[in-house]
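K.L.:
Have a look at this one before I ask anything.
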Amino acid sequence: MNPALQIRDLVLAYGGITAVKGVSLDVPAGKTVCLVGANGAGKTSVMRAISGLVKAKAGSIRYFGDELTGRHPAGMAARGIAHVPEGRETFQRLSVEESLRMGGFRLPRAEFGHRRDAMFETFPRLKERRTQLSGLLSGGEQQMLAMARALISNPKLLLLDEPSMGLAPNIVDEVFQVIADLRQTDTTVLLVEQNALRALELADYAYVMETGSIVIEGEGRQLANDPRITTAYLGGEGDCL
Ligand SMILES: Nc1ncnc2c1ncn2[C@@H]1O[C@H](COP(=O)(O)OP(=O)(O)O)[C@@H](O)[C@H]1O
Ligand SMILES: [Mg+2]
1 MNPALQIRDL
11 VLAYGGITAV
21 KGVSLDVPAG
31 KTVCLVGANG
41 AGKTSVMRAI
51 SGLVKAKAGS
61 IRYFGDELTG
71 RHPAGMAARG
81 IAHVPEGRET
91 FQRLSVEESL
101 RMGGFRLPRA
111 EFGHRRDAMF
121 ETFPRLKERR
131 TQLSGLLSGG
141 EQQMLAMARA
151 LISNPKLLLL
161 DEPSMGLAPN
171 IVDEVFQVIA
181 DLRQTDTTVL
191 LVEQNALRAL
201 ELADYAYVME
211 TGSIVIEGEG
221 RQLANDPRIT
231 TAYLGGEGDC
241 L
């Protein structure tokens, strides 16, 4: 069976600067794979290339066997790819409910209601805030909204870029719990996280990026205990790359 995502020798550049220097990685269908590495390593660039927001200079990105490079980002949602970008990018002037409607605009009306209720069950705070403007939500609630907006359409592939960034510890726990629960579903997840140890602990497989290249890969739990990771990447705190 084709993996959900198969990236081979991906090269990405901004002007004359090569940010991603021949990255290859696989995300098997239904699995959770994480990509960790220091700031500037190229993680977001890889995510943006999958969504068609950055043009590949070389290499291929196959999604269930179909080549994605050169495709327009507007077509990604219809293919079942949902991207929760770094910084969340919620629609500040839409209410929670309206934002979910945007995320689920392809769904038939009855199914939308069903999926919205499922999102409210996963994120009870969003239910309490359903009529509030997104711009007035806390950072944690905005992250939950961004995730709910992506999940409402039942994507086949979910790209999560730094979902725990800047959130209070109890909200980080909630966000990680949602990601952990996704492992019980068919959804395939590619997760980029600064909170490397926690990401590694819940990932089936993980890749470590350094200045545009993958330098270490392995099973998530194994890497979480790998001295190369704990000393070089996790420092004493175990949570800051
Ligand atoms: N839009 C851009 N224009 C120019 N350089 C960029 C742009 N986006 C990212 N870069 C550069 O590409 C490299 C990788 O960045 P990024 O993919 O954001 O890394 P990460 O997500 O791992 O922090 C960095 O050196 C960054 O400065
Ligand atoms: Mg980034």
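Per full-length UniProt numbering: the sequence shown = residues 1 to 241. Just so you know, even glycine gets a beta-carbon here, dropped at the ideal spot from N, CA and C.
Can you tell me whether Val-192 sits near ligand 2, meaning its C-beta is under 7 Å from at least one heavy atom of the ligand?
P.N.:
Start at 1 with the first residue of the sequence shown, and residue 192 comes out as number 192. Yes, Cβ of Val-192 sits closer than 7 Å to a heavy atom of ligand 2.
K.L.:
Measure how close the beta-carbons of Lys-31 and Tyr-205 come, nearest whole angstrom, since I'm counting them as under 8 Å.
P.N.:
By one-based count along the sequence shown, residue 31 stands at place 31. By one-based count along the sequence shown, residue 205 stands at place 205. Contact holds; Cβ gap of about 7 Å.
K.L.:
Can you tell me whether DSSP reads Ser-99 as helix, strand or coil?
P.N.:
Taking the first residue of the sequence shown as 1, we reach residue 99 at position 99. Note: Ser-99 maps to helix in three-state DSSP.
K.L.:
Run the proximity test for Thr-211: is its beta-carbon closer than 7 Å to any non-hydrogen atom belonging to ligand 2?
P.N.:
If you number the sequence shown from 1, residue 211 lands on position 211. Flag unset: Cβ of Thr-211 not near ligand 2.
K.L.:
Looking only at C-alpha atoms, which of Asp-66, Leu-197, Ala-168 and Lys-127 sits nearest to residue 276?
P.N.:
Look at the range of the chain in this structure, 1 to 241, and you will see that residue 276 is not part of it.
K.L.:
Can you grab the Cα-Cα spacing for the pair Thr-185 / Val-192, in whole Å?
P.N.:
Within the sequence shown, numbered from 1, the residue matching residue 185 stands at position 185. Within the sequence shown, numbered from 1, the residue matching residue 192 stands at position 192. Going by the C-alpha atoms only, they are around 19 Å apart.
K.L.:
Out of Pro-108, Met-102, Arg-115 and Val-96, state which residue places its alpha-carbon closest to the alpha-carbon of Leu-145.
P.N.:
Here residue 145 corresponds to residue number 145 of the sequence shown, with the count starting at 1. When only C-alpha atoms are compared, the closest one is Val-96.
K.L.:
Whose C-beta lies closer than 6 Å to the C-beta of Arg-88 among residues of the same chain, with five residues either side of it excluded?
P.N.:
Against the sequence shown, residue 88 aligns to sequence position 88. Excluding sequence neighbours, Arg-88 sits near Gln-142, Gln-143 and Ala-146.
K.L.:
Just curious, the alpha helix (DSSP H) that Thr-18 is in, first and last residue?
P.N.:
Here the question's residue 18 lines up with position 18 in the sequence shown. Run containing Thr-18: none in the alpha helix (DSSP H); it sits in the beta strand (DSSP E), 17-27.
K.L.:
Enumerate, from N- to C-terminal direction, the unbroken beta strand (DSSP E) stretches of 3 or more residues contained entirely within the segment 59-111.
P.N.:
Complete beta strand (DSSP E) runs here, min 3: 81-84.
K.L.:
Measure from the alpha carbon of His-72 to the alpha carbon of each residue in Phe-91, Val-33 and Arg-48, then state which is nearest.
P.N.:
For the purposes of this step, residue 72 is identified with residue 72 of the sequence shown, where counting begins at 1. With distances taken between Cα atoms, His-72 lies closest to Arg-48.
K.L.:
Tell me whether Asp-181 sits in a helix, a strand or coil according to DSSP, three-state version.
P.N.:
Counting from 1 along the sequence shown, the entry for residue 181 is found at position 181. Helix at Asp-181.
K.L.:
So what's Gln-6 in DSSP terms, helix, strand or just coil?
P.N.:
Residue 6 sits at position 6 when you count from the first residue of the sequence shown. Gln-6 falls in the strand class under three-state DSSP.
K.L.:
Which residues neighbour ligand 1 when neighbourhood means a C-beta less than 5 Å away from any of its non-hydrogen atoms? List them by chain order.
P.N.:
Ordered along the chain, the selected set is Tyr-14, Ala-19, Asn-39, Gly-40, Ala-41, Gly-42, Lys-43, Thr-44 and Ser-45.
K.L.:
Select from Val-27, Gly-37, Gly-139 and Ile-50 the residue whose C-alpha is nearest the C-alpha of His-83.
P.N.:
Here residue 83 refers to the residue found at position 83 when the sequence shown is read from its first residue. Per the Cα distances, Ile-50.
K.L.:
Would DSSP call Glu-193 helix, strand or coil?
P.N.:
Here residue 193 is taken as the residue at index 193 of the sequence shown, counted from 1. Of the three classes helix, strand and coil, the one that applies to Glu-193 here is coil, per DSSP.
K.L.:
Which residue spans inside the segment 105-154 form an unbroken alpha helix (DSSP H) run of at least 4?
P.N.:
Within the segment 105-154, the complete alpha helix (DSSP H) runs of at least 4 residues are 109-122, 124-128 and 139-151.
K.L.:
Between Glu-162 and ligand 2, is there a pair consisting of the residue's CB and a ligand heavy atom that are separated by less than 7 Å?
P.N.:
The sequence position of residue 162 within the sequence shown is 162, counting from 1. Yes.
K.L.:
Going by CA-CA distance only, name the one from Ile-179, Glu-219, Met-209 and Arg-221 that's closest to Lys-21.
P.N.:
In the sequence shown, counting from the first residue as 1, residue 21 sits at position 21. Of the listed residues, the one whose Cα sits closest to Lys-21 is Met-209.
K.L.:
Thinking C-alpha only, which one of Pro-155, Leu-133, Asp-26 and Ala-4 is nearest Leu-182?
P.N.:
What you label residue 182 is simply residue 182 of the sequence shown in a count that begins at 1. If we check each option's Cα against that of Leu-182, Pro-155 comes out closest.
K.L.:
Just how far apart, CA to CA, sit Asn-225 and Gln-177?
P.N.:
Your numbering for residue 225 matches position 225 in the sequence shown. Your numbering for residue 177 matches position 177 in the sequence shown. Cα to Cα, Asn-225 sits roughly 21 Å from Gln-177.
K.L.:
Specify, as a first and last residue, the run of the alpha helix (DSSP H) that Gly-220 falls within.
P.N.:
The residue given as residue 220 occupies position 220 in the sequence shown. Its alpha helix (DSSP H) spans residues 220-224.
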